[in-house]
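This report refers to the structure that appears directly beneath it.
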Amino acid sequence: AVRSARQIHALLPLGLVLAGALWGAFARTRAGLLVRMAGDSANATRALGYSVSGIRIAATAAGGLIAGLGGASLTLFYPGSWNEGISSGQGLIAVALVIFARWSPLRCVGAALLFGGAGAIGPALQSVGVGWGYHLFNIVPYVLTLLILVITCRPGVIVPGSPTELSSNR
-7 AVRSARQIHA LLPLGLVLAG ALWGAFARTR AGLLVRMAGD SANATRALGY SVSGIRIAAT
53 AAGGLIAGLG GASLTLFYPG SWNEGISSGQ GLIAVALVIF ARWSPLRCVG AALLFGGAGA
113 IGPALQSVGV GWGYHLFNIV PYVLTLLILV ITCRPGVIVP GSPTELSSNR
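Anchor point for the sequence shown: position 27 equals 19 in this note's numbering, and the numbering is continuous, going up by one each time.
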């Protein structure tokens, strides 16, 4: 069990490099500034002659591509086969993770470790012989997700770092 726990999935280093690259791109490149500007001020983006919807569609497509890589790794590598309901609500957890990380790629790495650790509690207890109550620990990531969304998504509360053009901020 310890040996299998020490194995690192091939997409983990790729994800870490990608998070660092995205953080650098959003902070230091013109394209990153345009994506941030399209999320923060649609009027300023239009005033500079850029298509807000075009930038948002391109950013959403790029995010969908990255999410697709995560889904592919989940279905192809994690259990070794496809199963009904394999993602079990992890898309909602990913949305909560981004909100919790305040839309920062580097903070998303830390938040993903937190959520991943919360999700590993149940199976870890089961593997060491705890036969009762481990199912309760399987709900920890979902309870954590709900708590984060309830705390950060209250009406009138603007999460620092969130794009100001989000409909929840108006």
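C-beta atoms are modelled at their ideal positions from N, C-alpha and C, and glycine is treated no differently.
Keep in mind it's a predicted model, so treat the numbers as computed, not measured.
Less than 8 Å divides the Cβ of isoleucine 47 from the Cβ of leucine 26.
For phenylalanine 18, the closest of Asp32, Pro5, Leu6 by C-alpha to C-alpha distance is Asp32. As summarised for the stretch -6 to 34, the continuous alpha helix (DSSP H) elements at least 4 residues long and confined to that stretch are -6 to -3, 3 to 20, 22 to 32, given in chain order. For methionine 29 and threonine 37, the gap between their C-alpha atoms comes out near 6 Å. Distances from the CA of glycine 114 to each of Gly125, Ala104, Leu105, Leu106 were compared; the closest alpha carbon is that of Gly125.
The three-state reading of DSSP puts glycine 60 in helix, counting H, G and I together.
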